[in-house]
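Heads up, the thing below is written out as C-alpha cells.
Residue numbers (the working numbering): 2 to 86.
Encoded structure:
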C-alpha cells in the first residue's frame with residue numbers, strides 16, 4: 002500500500018485524490034479484512050467462530066462486489082449481458 006501511495010504521489014496526485022481512488026480503497030479494505038480476520042481467528046477473541054466466519058464472509062463479499070462494480074472489464078461484461086437479455 003505504501004509503495005502504491007508513493008508511486009501515485011510521484012505522478013503528481015495529492016492526498017485527497019489518492020483517498021478517492023477506488024483501487025487504493027479496495028486494497029485498504031482488503032488489508033483491513035485480513036487484519037480483522039487475523040485478530041478474530043488467531044488471537045481467539047470472545048466472539049463465536051460462526052459469527053466470525055459470517056463477518057469475514059460478508060466483508061469478503063463486499064470487497065468482491067466493489068471490485069466487480071469498479072473494474073472496467075466487468076462494466077463491459079455487464080453492458081453485454083444487458084443488451085442480450
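Glycine residues also receive a C-beta, built at the ideal position from the N, C-alpha and C atoms.
Alpha carbon to alpha carbon, how far is residue 35 from residue 44? 13 angstroms
Rounded to a whole number of angstroms, what is the C-alpha to C-alpha distance between residue 11 and residue 29? 20 angstroms
C-beta contact flag for residue 53 and residue 42 at 8 angstroms: yes
Going by beta-carbon coordinates alone, are residue 56 and residue 31 separated by less than 8 angstroms? No, the Cβ-Cβ distance between residue 56 and residue 31 is not below 8 angstroms.
Can you give me the C-alpha to C-alpha distance between residue 62 and residue 68, rounded to a whole angstrom? 10 angstroms
Own chain residues within Cβ distance below 8 angstroms of residue 37, not counting five before or after: 56, 57 and 60
What is the DSSP secondary structure of residue 58, counted as helix, strand or coil? Three-state result, residue 58: helix.
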